[in-house]
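Protein chains in written order, with the numbering used here: chain B, 1 to 613; chain V, 614 to 695.
One structure is given below, encoded as structure tokens.
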Amino acid sequence: MAHTRSNGIEPRKVVLAPLDPVHDVGLKLIRRKLVERGHHVTLLPPDLSIEEIVARAKAADPDFVMISRALSYGISELLAKFVDLADAAGLREKAKLVAGGLSMKPVIAQELGFDAGFGPDTPVEAAVAYVEGRELDLLGGSRRQEKPDLTAGFTYKFLDSEIGSLCTAIAQQLIDWANKRTSPGIQRAQLRVEMESQRQACPEAYSRLRQEYAALSSGEVKEWYLTGKHVSHTRPITQKEADYIRSLAKNAGNLVVPRSQEVLNDRNVFVQYGTGCPVMDAYHINLSIAWGARGVVHFDPSWGARNEGLLEEAWSHEHDGTVLTLDNLRLIKQGIVPGILWQVRAHRGLNTPETVVLAHLSGADLTKINIVYGSLAAGTDPERLTVDGVEAMKLAAKYNMPYDVVTNEELAGVPAAKAFAGMLIVATAGVLLGGRPILQPLFANSPEGMITGYTEHNFIDFNVAKMKVLSSIIDAPIWPGAPVGFLTQTQDRCQSSVMTALHAALALNSGATAVTIASSDEAYAGGPITAPARVDTLKATAAAFRFFGEGGIRPTQEADKIAEQLRQGIVEVLKQVAARGDFVASLYEGDLGNKEDGAYPGRSGKGTVTLKQ
Amino acid sequence: MSVKHRILDGCDVETFILCNDVEEGKTLGLRLMAELGFDDADVVSCEMGGPGVRIRLRGYVYRPSADYQWYGPEVEQDGTHA
């Protein structure tokens, strides 16, 4: 009689037999797992006849006989013969017969008379669970329920005193300058806070504030506030669509997650969404989380950055980017399960402070702010974005909301040294204002990388150099993006997924706290990103992490040389900006990226900054 | 209702088409998508190698903001309404 062990498992006798001329590694894995759990296992040698297998199995008096077959030819005849002989020998009076292996299909095994069949994708744990009489949910992966703090443990102390002194002096100057000024963007952010507090409590006050808000808006947004005319290519969300999101939210607690993606649980991999439609977004978010994303980033339409003012209510947009409204964000929030970080970007346009307010009111965890990128590569007037950016950083500090400081101006051609100098200045201002900025270097085959030859022989050295130089300057979190791999991906699904996955692995192997990845549609411009394209890169990224593990990626000696060149470049730029003594003037005059580089001071919002009364 | 309407957004068809050059491959690919009933189709990627193209085609069933019918009338095994 079998006795239950202290671990609660009743030991069973199992015979494992390969029906092939060579040993099946799967049977050896099953043997190891069964033995570890206290079962008695007999692994028969390969190349036995069926008669020999049945005879030896009968002698072992087993509870289970597990047959494996890798080769497909003649499989049905062999397995049918095995079942017949096992029946004739009385083996089945006690033992259950199981068939598995590369060529096995569970349905066929059962049709042939086996008690169970395991296909090639079945994990070893499933065979063990079957022996122990347990159900194994093959999809039963798990996701972390607690949110990671991307800034935990970082002191924000400068490790490079020369750069620290320069950044601090410049950042203090820009804060002092901005503190004396205001803008329609700041006024609308303040109005939005008041409007939301009055919306239910006092409709009359809300209506009056809304009129003030409309007066500070522009373009189609202003027209909507005044006349109700829809902004181009938008329409209201329908009740049926809201119901779709509610049904997703209702089932969010039972999200089915593939075990194969569990390797991503310990990595902070972000994906961007922004199909234009909150319903489609909710589905894309839901499936991205299922496949292992730890964070999602809201991508809004480019026109939203150029208009003064943000819409209200819930809208669907026919083109890229999902309209930023509190109602849209609250709808989307319903589809985000516990443990997932949510970033709402506020980095580039005329609604930067208000976007931070909306991010806070809708429950976002992170935002995105960078004065330099928005001024030089995203079309917003430098003076305006400096005033609004400082306000946005104050709000983020007040709401205790970390934000990344992105450097996508590198894509326009701005050298990394200039982009990093700008990022460090803004991040320093953020720290002086009490915030928790996160550095966001671009991992890409940037124009500079191509022109200088930094990326001629590999995509490792330049990116590792960026990590090395930033981590030697300041003790701050680094979150490469956004997304990684720009200009390395092609329209080919396999190539694109591999490039994304390798950049993600490089980032996290180089000490990054988080990484944002693209879909495999990154280089396809013919239509919206599809759900399978999102799964592609999450699968590839999980595979890359599984491959590298803690093994690391080794750069060449060039990485150190590039890092030193980057540091020298950063120092030169900072000295130039410090000598100018006027951060905003430096933006206009090209110290942080000029026309020759590919950077142009933006014009949206020009002339709208005023001195505070 | 067609099972196609349970597709969240787009349906990709990835295959190898025997042809003389990329343009012929793309033309044949789009004809294939039309034959499969995808009215809103595009070539996502197409690369010539050896006797033909490795091609990925996409038929959008629902673009964002479309009138989604994911959970319309029940779909039977043969694709007809319940």
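From the three backbone atoms N, C-alpha and C, an ideal C-beta is built for every residue, glycine too.
Separation of residue j from residue i, as counted between CA atoms
{"i": "F486 (chain B)", "j": "F462 (chain B)", "result": "13 angstroms"}
{"i": "K606 (chain B)", "j": "L424 (chain B)", "result": "25 angstroms"}
{"i": "A525 (chain B)", "j": "E162 (chain B)", "result": "44 angstroms"}
{"i": "V426 (chain B)", "j": "N179 (chain B)", "result": "15 angstroms"}
{"i": "R676 (chain V)", "j": "E318 (chain B)", "result": "8 angstroms"}
{"i": "A88 (chain B)", "j": "G113 (chain B)", "result": "13 angstroms"}
{"i": "T608 (chain B)", "j": "P184 (chain B)", "result": "7 angstroms"}
{"i": "V614 (chain B)", "j": "D121 (chain B)", "result": "In the structure as shown, chain B begins at 1 and stops at 613. Residue 614 (chain B) is therefore absent and cannot be evaluated."}
{"i": "G133 (chain B)", "j": "K94 (chain B)", "result": "15 angstroms"}
{"i": "C167 (chain B)", "j": "V577 (chain B)", "result": "9 angstroms"}
{"i": "Q145 (chain B)", "j": "T513 (chain B)", "result": "18 angstroms"}
{"i": "R619 (chain V)", "j": "K240 (chain B)", "result": "16 angstroms"}
{"i": "I170 (chain B)", "j": "N307 (chain B)", "result": "30 angstroms"}
{"i": "L91 (chain B)", "j": "E125 (chain B)", "result": "25 angstroms"}
{"i": "A2 (chain B)", "j": "H40 (chain B)", "result": "Note that A2 (chain B) scores a pLDDT of 48, beneath 50, so its modelled location is shaky; the value from the coordinates is reported in the next line. Whole-angstrom Cα-Cα distance: 11 angstroms."}
{"i": "I630 (chain V)", "j": "N509 (chain B)", "result": "40 angstroms"}
{"i": "T610 (chain B)", "j": "G228 (chain B)", "result": "30 angstroms"}
{"i": "R567 (chain B)", "j": "S232 (chain B)", "result": "46 angstroms"}
{"i": "I285 (chain B)", "j": "W342 (chain B)", "result": "10 angstroms"}
{"i": "I9 (chain B)", "j": "P148 (chain B)", "result": "36 angstroms"}
{"i": "K595 (chain B)", "j": "V584 (chain B)", "result": "16 angstroms"}
{"i": "G650 (chain V)", "j": "G642 (chain V)", "result": "13 angstroms"}
{"i": "A364 (chain B)", "j": "V344 (chain B)", "result": "7 angstroms"}
{"i": "V464 (chain B)", "j": "T455 (chain B)", "result": "11 angstroms"}
Sub-8 angstroms separation of residue i and residue j beta-carbons
{"i": "Q491 (chain B)", "j": "V657 (chain V)", "result": "yes"}
{"i": "E622 (chain V)", "j": "T500 (chain B)", "result": "The question names Glu, but residue 622 (chain V) in the sequence shown is Asp. Cβ atoms of D622 (chain V) and T500 (chain B): not closer than 8 angstroms."}
{"i": "L311 (chain B)", "j": "V221 (chain B)", "result": "yes"}
{"i": "P441 (chain B)", "j": "G598 (chain B)", "result": "no"}
{"i": "A615 (chain B)", "j": "G335 (chain B)", "result": "No answer is possible for residue 615 (chain B): it lies beyond the span of chain B, which begins at 1 and ends at 613."}
{"i": "A559 (chain B)", "j": "T537 (chain B)", "result": "no"}
{"i": "Y681 (chain V)", "j": "G527 (chain B)", "result": "no"}
{"i": "P21 (chain B)", "j": "G38 (chain B)", "result": "no"}
{"i": "R235 (chain B)", "j": "S615 (chain V)", "result": "no"}
{"i": "E262 (chain B)", "j": "S76 (chain B)", "result": "no"}
{"i": "V356 (chain B)", "j": "A396 (chain B)", "result": "yes"}
{"i": "V271 (chain B)", "j": "S260 (chain B)", "result": "no"}
{"i": "A645 (chain B)", "j": "L79 (chain B)", "result": "Any property of residue 645 (chain B) remains undetermined from this structure, which presents chain B solely from 1 to 613."}
{"i": "G581 (chain B)", "j": "Q190 (chain B)", "result": "no"}
{"i": "F82 (chain B)", "j": "M104 (chain B)", "result": "no"}
{"i": "L43 (chain B)", "j": "L27 (chain B)", "result": "yes"}
Among the options, nearest to residue i - alpha-carbon criterion
{"i": "T352 (chain B)", "options": "B:D281, B:T325 and B:A417", "result": "B:T325"}
{"i": "A346 (chain B)", "options": "B:Q568, B:S496 and B:D300", "result": "B:D300"}
{"i": "I570 (chain B)", "options": "B:D591, B:Q557 and B:I553", "result": "B:D591"}
{"i": "W315 (chain B)", "options": "B:G551, B:E572, B:G449 and B:L329", "result": "B:L329"}
{"i": "K368 (chain B)", "options": "B:F545, B:D560, B:W479 and B:L209", "result": "B:W479"}
{"i": "A654 (chain V)", "options": "V:H618, V:A679 and V:C624", "result": "V:C624"}
{"i": "G593 (chain B)", "options": "B:S604, B:T610, B:E572 and B:L611", "result": "B:E572"}
{"i": "A127 (chain B)", "options": "B:R208, B:E10, B:A563 and B:M66", "result": "B:M66"}
{"i": "I175 (chain B)", "options": "B:R32, B:L27, B:K250 and B:E391", "result": "B:E391"}
{"i": "V25 (chain B)", "options": "B:H40, B:A482, B:V41 and B:G101", "result": "B:G101"}
{"i": "G602 (chain B)", "options": "B:P258, B:R31, B:G349 and B:K250", "result": "B:G349"}
{"i": "T264 (chain B)", "options": "B:E564, B:V515 and B:Y206", "result": "Before going further, note that residue 264 (chain B) is Leu rather than Thr in the sequence given. The residue with the shortest Cα to Cα distance from L264 (chain B) is B:V515."}
{"i": "P555 (chain B)", "options": "B:L587, B:A482 and B:H457", "result": "B:H457"}
{"i": "I438 (chain B)", "options": "B:V464, B:G481 and B:P415", "result": "B:G481"}
{"i": "Y403 (chain B)", "options": "B:E409, B:V387, B:N370 and B:A523", "result": "B:N370"}
{"i": "W177 (chain B)", "options": "B:Q565, B:G389, B:G434 and B:G551", "result": "B:G389"}
Within chain C, partners of residue i - CB distance below 9 angstroms
{"i": "P677 (chain V)", "result": "Annotation note: the requested chain C is absent from the structure, which comprises protein chains B and V."}
Any non-hydrogen atom of the ligand SAH closer than 7 angstroms to residue i Cβ
{"i": "T234 (chain B)", "result": "The ligand SAH is not part of this structure, which contains no ligands at all."}
Using a Cβ distance threshold of 8 angstroms, determine whether the segment 487-507 of chain B contacts the segment 422-440 of chain B, with at least three qualifying pairs required. Between the segment 487-507 of chain B and the segment 422-440 of chain B there are fewer than three inter-stretch CB-CB distances shorter than 8 angstroms, so the stretches are not counted as touching.
Are the segment 362-382 of chain B and the segment 211-218 of chain B touching by the rule of at least three beta carbon pairs closer than 8 angstroms? No contact exists between the segment 362-382 of chain B and the segment 211-218 of chain B.
Contacting positions in the segment 317-346 of chain B - beta carbon closer than 9 angstroms to chain V: The segment 317-346 of chain B vs chain V, Cβ under 9 angstroms: H317, E318, H319, D320 and T322.
Members of the segment 644-655 of chain V that neighbour chain B once the beta carbon cut-off is set at 9 angstroms: So the list reads D653 and D655, given in the order they occur along the chain.
Interface positions of the segment 265-284 of chain B facing chain V (Cβ-Cβ less than 9 angstroms), listed along the chain: Along the segment 265-284 of chain B, the positions whose C-beta sits under 9 angstroms from a C-beta of chain V are T275, G276, C277, V279, M280, D281, Y283 and H284, read in chain order.
Meets three-Cβ-pair contact criterion under 8 angstroms: the segment 14-23 of chain B and the segment 61-70 of chain B: Touching, per the Cβ criterion.
Does the structure place the segment 289-308 of chain B close enough to the segment 237-244 of chain B that three or more beta carbon pairs sit under 8 angstroms? Proximity of the segment 237-244 of chain B to the segment 289-308 of chain B falls short of the contact definition, fewer than three beta-carbon pairs being nearer than 8 angstroms.
Please name the residues in the segment 488-499 of chain B whose beta-carbon is closer than 8 angstroms to at least one beta-carbon of chain V, in chain order. Hits within the stretch, in order: T490, Q491, D492 and R493.
Report yes or no: do three or more beta-carbon pairs, one from the segment 456-476 of chain B and one from the segment 150-165 of chain B, lie closer than 8 angstroms? Yes, the segment 456-476 of chain B is in contact with the segment 150-165 of chain B.
Closer than 8 angstroms between beta carbons: that is the criterion. Which residues of the segment 621-637 of chain V meet it against chain B? The segment 621-637 of chain V vs chain B, Cβ under 8 angstroms: L621, D622, G623, D625 and E627.
Would you call the segment 660-674 of chain V and the segment 633-648 of chain V in contact, with 3 or more CB pairs under 8 angstroms? The segment 660-674 of chain V makes contact with the segment 633-648 of chain V, as at least three CB pairs between them are under 8 angstroms.
Going along the segment 522-546 of chain B in order, which residues come within less than 7 angstroms of chain V, judged by CB to CB distance? Answer in chain order: Y524, G526, G527, P528, T530, A531 and P532.
Across the segment 379-386 of chain B and the segment 416-423 of chain B, are there enough close Cβ pairs to call them in contact, namely three or more that are closer than 8 angstroms? Between the segment 379-386 of chain B and the segment 416-423 of chain B, the count of Cβ pairs shorter than 8 angstroms is below three; the stretches do not touch.
Given a limit of 9 angstroms on CB to CB distance, which residues of the segment 217-237 of chain B reach chain V? Of all residues in the segment 217-237 of chain B, only H233, T234 and R235 place a beta-carbon less than 9 angstroms from a beta-carbon of chain V.
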